[in-house]
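Worksheet for the structure shown next.
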């Protein structure tokens, strides 16, 4: 049983959820699967309000999508009877998949955001038990022109400013949209991001942005990993400039930022388009400490050959000091670094393809789940 | 009242209080949609497994009336008579 100062790592895969715990972010104990044979494309770990709540987007091919939550680190799971996320009558839409579960700032406990397929953003004020559709984005006149990336049409990135008024979302293939009024109205913000696959490579919207993240220490600074292109904005996404120089490839899905330090971000390059594998089959994380002016290759502890890709939410950072970096591959390997990527160690291997990982330090006792697919579910 | 029986696959029975079979009260023919509304009214999580929020039957949920899958009949408008059985089976899918 882990106690205070423990870390939990949630690993969502194509065929279920695994949970790993560690006292030091080096030795990990892995339990699971939960929700065996359902895909888990999104996980959020909410450590506010004096408890640890794990929120999980679950999707069964047969029985559809839903959201479960656990307040005892996976010992039991609860699902709101009417469903946490349901398209309202009149929208004539049905939830396909929950791509993102994002707890808001410490100062706004209870507020949780979700990004979903079909492209939509949702907000909960009760800790993720019930979400309300963001009508400003749903009713946006551009919505009919947003496309679907290969993985589906979803809002996959939600970045909330500390004030709560400024919100950025990203979608593939719609690009980046910004709200300055807490989500009531939205405007595209893609100037400088290339959409080379369109007749006009510099459209107002329609870019295939794979992931965005905010610099925690510089107001207005954002980073974007695009479908070919790595960018930074210093003016709240009004303008973007390339920071891909120095990387072995400008393609990839991951974009992570440091929880506190200005200018530090991580990407995991893939060669693409024709070869969606790590460049030359050699897996490496790349980190910048100067806001993209230069990049450092980090591969200590990673395999010499790896031909699986890393998806946009299959990577995360924790909030510890130094920050931990985690990612999983479509080949089912999960790696963790307790020193910001300088050294990695394998947490798990041979899992189903990893769709998402999230890590957090936890203060409550951890009781290992049964490890059986029938871990208690209170529906 | 003879009622209409709805047979659940084992994987869904926990969402119906452990019951393998639910009964819709009916003394005349009812549509499959009406039967599902009746038997899942107390089990909203079960209802969401069978139909999405537009009311459509999920793609890999198969519903049989007298051995015929309702997509080959009149879909949710297919009528079921008292004494008949509605059988729910998940299709063979996935990898």
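Protein chains in written order, with the working numbering: chain A, 15 to 393; chain B, 2 to 96.
Even glycine gets a Cβ: it sits at the ideal position worked out from N, Cα and C.
A quick note: this is a predicted structure, and the numbers were derived from the prediction, not measured.
Three-state secondary structure assigned by DSSP to residue i
i, result
"residue 91 of chain B", "strand"
"residue 90 of chain A", "coil"
"residue 48 of chain B", "helix"
"residue 32 of chain A", "strand"
"residue 1 of chain B", "Outside the displayed span of chain B (2 to 96) sits residue 1 of chain B, for which this structure offers no information."
"residue 80 of chain B", "strand"
"residue 45 of chain A", "strand"
"residue 15 of chain B", "helix"
"residue 53 of chain A", "strand"
"residue 386 of chain A", "Low per-residue confidence applies at residue 386 of chain A: pLDDT is 34, beneath 50, and the placement is therefore not dependable, though the value from the model is reported in the following sentence. If DSSP states are grouped into helix, strand and coil, residue 386 of chain A belongs with coil."
"residue 163 of chain A", "strand"
"residue 27 of chain A", "strand"
"residue 34 of chain B", "helix"
"residue 58 of chain A", "strand"
"residue 194 of chain A", "coil"
"residue 39 of chain B", "helix"
"residue 71 of chain A", "strand"
"residue 206 of chain A", "coil"
"residue 21 of chain A", "strand"
"residue 151 of chain A", "helix"
"residue 410 of chain A", "Nothing in the structure corresponds to residue 410 of chain A, since chain A is present only between 15 and 393."
"residue 7 of chain B", "strand"
"residue 163 of chain B", "The requested residue 163 of chain B is not part of the displayed model; chain B covers only 2 to 96."
"residue 78 of chain A", "strand"
C-beta neighbour in chain B for residue i, strict 7 angstroms
i, result
"residue 354 of chain A", "no"
"residue 129 of chain A", "no"
"residue 152 of chain A", "no"
"residue 320 of chain A", "no"
"residue 377 of chain A", "no"
Counted within 10 angstroms of its Cβ, other Cβ atoms place residue i as buried (16 or more) or exposed
i, result
"residue 377 of chain A", "exposed"
"residue 412 of chain A", "For residue 412 of chain A there is no data in the structure shown, the boundaries of chain A being 15 and 393."
"residue 329 of chain A", "buried"
"residue 69 of chain B", "exposed"
"residue 3 of chain B", "exposed"
"residue 119 of chain A", "exposed"
"residue 67 of chain B", "exposed"
"residue 121 of chain A", "exposed"
"residue 77 of chain B", "buried"
"residue 22 of chain B", "exposed"
"residue 304 of chain A", "exposed"
"residue 188 of chain A", "buried"
"residue 373 of chain A", "buried"
"residue 111 of chain A", "buried"
"residue 229 of chain A", "buried"
"residue 219 of chain A", "buried"
"residue 318 of chain A", "exposed"
"residue 44 of chain B", "buried"
"residue 56 of chain B", "exposed"
"residue 114 of chain A", "buried"
"residue 18 of chain B", "exposed"
Closer than 7 angstroms to chain A by CB, residue i
i, result
"residue 65 of chain B", "no"
"residue 14 of chain B", "no"
"residue 70 of chain B", "no"
"residue 91 of chain B", "yes"
"residue 94 of chain B", "yes"
"residue 59 of chain B", "yes"
"residue 80 of chain B", "no"
"residue 54 of chain B", "yes"
beta-carbon residue i near the ligand HEM non-hydrogen atom, thresh 6 angstroms
i, result
"residue 136 of chain A", "The ligand HEM is absent from the structure shown, which contains no ligand whatsoever."
(message) Which complete beta strand (DSSP E) runs does the region 239-319 of chain A hold, if anything under 3 residues is left out?
(response) Here the runs fully enclosed are 244-247, 279-281, 299-302, 310-312.
(message) I'd like the ranges of any alpha helix (DSSP H) spanning at least 4 consecutive residues and lying wholly in the region 104-147 of chain A.
(response) Here no run is fully enclosed.
(request) Report the residues of the region 32-52 of chain B with a CB closer than 7 angstroms to any CB of chain A, ordered along the chain. (result) Cβ contacts with chain A: 45, 46, 49, 50.
(request) Note down, in chain order, all residues in the region 88-105 of chain A with a beta-carbon under 9 angstroms from any beta-carbon belonging to chain B. (result) Listed by position along the chain: 93, 94, 95, 96, 97, 100, 101, 102, 103, 105.
(request) Jot down the residue ranges of each uninterrupted beta strand (DSSP E) in the region 313-378 of chain A, minimum 3 residues, whole runs only, in chain order. (result) Here the runs fully enclosed are 329-331, 339-342, 348-351, 359-362, 368-376.
(request) Output, in sequence order along the chain, the residues in the region 65-77 of chain A whose CB is closer than 9 angstroms to any CB in chain B. (result) Listed by position along the chain: 74, 75, 76, 77.
(request) Return the residues of the region 105-139 of chain A that lie within a Cβ-Cβ distance of less than 8 angstroms from chain B, sorted by chain order. (result) Listed in sequence order: 106, 107, 108, 109.
(request) Anything in the region 21-44 of chain A with a Cβ closer than 7 angstroms to a Cβ of chain B? List those residues in chain order, please. (result) Residues passing the 7 angstroms Cβ filter: none.
(request) Residues of the region 179-202 of chain A with a CB closer than 8 angstroms to any CB of chain B: list them in chain order, please. (result) If the cut-off is 8 angstroms between Cβ atoms, the region 179-202 of chain A has nothing near chain B.
(request) Could you please tell me which residues of the region 253-276 of chain A, in chain order, have their CB closer than 8 angstroms to any CB of chain B? (result) Residues: none.
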